[in-house]
Structure formats: C-alpha cells, structure tokens
Amino acid sequence: MSKNIAIFASGSGSNAERIVEYFSDSTEINVKLFLCNNPEAGVIQRAERLNIPLVMFNRQQFKSGEVVDILKENEIDWVILAGFLWLVPKNIVEAFPNKIINIHPALLPKFGGKGMYGHFVHEAVVENKETESGITIHLVNEHYDEGAIIFQASYPVLPTDSPEDVAKKGQVLEHKHFPEVIEKAILGQSLI
Ligand code: GRF
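In terms of the UniProt record's numbering, the sequence shown opens at residue 1 and continues consecutively.
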C-alpha cells in the first residue's frame with residue numbers, strides 16, 4: 001500500500017513542487033493533497049499546474065479540527081510542511097504523532113522560533129557574521145522548530161554574501177535533500 005502525503009505551504013511552494021516531481025513515478029509515496037492558508041501564495045498556481053488537489057483553509061478551520069478531518073478523509077499518512085508559517089495545533093500533532101516533517105532554512109537550534117522564517121533567517125545569519133548556515137529537517141511538535149532533528153546539511157557563508165545569496169545556497173540544498181529525507185523517513189530507512 002502506498003503512503004499518502006499532504007503538503008502544507010504558505011508561500012511560493014518551490015519545495016512542494018520538487019517533492020511532487022521526485023515522487024511522480026513512485027509506487028510507494030503519493031502526493032495526495034496541497035493545503036494552503038494564504039490566498040496570495042504562489043503554491044496555488046503550482047497546484048493547478050501540477051494537477052494536485054488544493055485545499056485552502058483559515059485559522060479557525062485549522063484550530064477547530066476541520067483540517068484534521070480533511071486529512072483523514074483523504075487517508076493521509078504523513079504531513080509535510082514546506083514553507084508553512086503557522087504553528088501546528090495540538091489536534092494535528094496528536095493525529096499524526098511523529099508523522100509531521102518540517103524544513104527550516106537554518107541550522108537549528110540557531111535561528112529558529114517564532115518570527116524566524118524566510119528572509120528574517122537569512123538577514124540574521126548575515127548580521128551575525130556566521131561563517132556557515134544550512135538547512136534542518138525535523139519532526140514537528142507543538143513548539144516552533146523544536147521537534148527531533150532528522151537531517152541537517154550546511155554550506156559556507158562568505159563575508160561578502162548578502163541575505164539573498166545565503167537564501168539561494170539554502171534553497172539548492174533544500175531541493176536536493178528534502179524529497180530524499182522524506183522518502184527515507186516514510187519508508188523507515190536509515191537517514192545516515
Ligand atoms: C524554505 O526556505 C523553507 O525552509 C522555509 O520556507 C521556504 C519555503 O520555500 N520553511 P518554498 O515556498 O518551498 O519555495
């Protein structure tokens with residue numbers, strides 16, 4: 001039986017698209033659904049182009065359990081957060097114990113927590129004169145960016161790098177590793 005995944009995204013959705021491409025021929029993992037909380041998000045056009053069903057939801061539906069019902073109706077096994085900005089409520093964490101995976105564009109625990117997302121992370125990395133940054137893929141609990149880390153990869157940050165340069169380096173690593181790490185986590189393979 002193949003495993004169904006749902007991808008939550010609030011923004012552009014480039015990672016969501018990579019994940020769809022990666023699993024397009026898979027017999028084991030099926031991208032069943034995109035979910036989005038932001039009517040302006042680029043992921044909406046991607047869903048249409050990729051022919052993936054999309055569910056839009058608001059905060060009330062997220063908190064009340066309506067979103068869990070949608071996930072259950074679609075027989076979702078794993079939830080992937082790919083640039084999703086809201087804190088996941090208890091009802092979803094409890095419905096998918098250790099089956100929610102997030103990607104964060106820094107080496108957690110550095111540059112994590114509420115408000116640390118997107119360009120804020122990369123600006124902080126440059127301001128702090130970090131010599132390296134990276135990506136973290138982790139399981140999700142009820143606190144921002146605090147679940148068990150399952151994968152990290154790093155890249156050098158040069159003194160001349162702008163936040164945009166740092167963001168680009170991170171995105172290359174995200175697109176390369178995120179689908180593979182999802183695959184290994186779901187199929188129960190070793191991550192090292
Ligand atoms: C990624 O950098 C991810 O780490 C962060 O949000 C960004 C999403 O990018 N959580 P995209 O929407 O997949 O292009």
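All residues carry an ideal CB built from backbone N, CA and C; glycine is no exception.
- For Ile19, the enclosing alpha helix (DSSP H) has its first and last residue at Ser14 to Tyr22.
- Annotated three-state conformation of Pro159 is coil, per DSSP.
- Here the stretch 90-108 makes no contact with the stretch 18-35; the two share fewer than three CB pairs at distances below 8 Å.
- Shown here, Gly134 sits in a strand according to DSSP, grouped into three states.
- Non-local beta-carbon contacts of Pro53 in its own chain, meaning distances under 6 Å to residues more than five positions away in sequence, involve Leu33 in chain order.
- With respect to the 7 Å criterion, Val88 and Val43 are not classified as neighbours on the basis of their beta carbons.
- When the five nearest sequence neighbours on each side are left out, the beta carbons in the same chain lying within less than 7 Å of the beta carbon of Phe151 are those of Ile137, His177, Val181 and Leu191, in order along the chain.
- Ala95 sits close to Val68, with the two beta carbons spaced by under 7 Å.
- Three or more beta-carbon pairs drawn from the stretch 157-172 and the stretch 118-136 are found closer than 8 Å, and the two stretches are therefore classed as touching.
- Rounded to the nearest angstrom, the Cβ distance from Ala41 to Ser10 is 6 Å, consistent with a contact under 8 Å.
- Judged by the Cβ position, Ile19 fails to qualify as a neighbour of ligand 1 at the 6 Å threshold, every heavy atom of the ligand being at least this far.
- Looking from the CA of Gly147, the closest CA among Glu183, Glu73 and Gly112 belongs to Gly112.
- For Asn91, the uninterrupted alpha helix (DSSP H) run begins and ends at Lys90 to Ala95, by DSSP.
- Around the Cβ of Asp161, a 10 Å sphere holds 16 or more other Cβ atoms; the residue is buried.
- For His119, the enclosing alpha helix (DSSP H) begins and ends at Gly118 to Glu127.
- Glu123 and Pro163 do touch by the CB rule: their CB atoms are close to 5 Å apart, below 8 Å.
- For Val140, there is no enclosing alpha helix (DSSP H), as DSSP gives it neither H nor E.
- Ranked by Cα distance from Arg18, the options Leu187, Gln189, Glu183 and Gly188 are led by Glu183.
- For Val166, same chain residues with a beta-carbon under 7 Å away, outside a window of 5 residues either side, are His122, Val125, Val126, Ser133 and Val157 in chain order.
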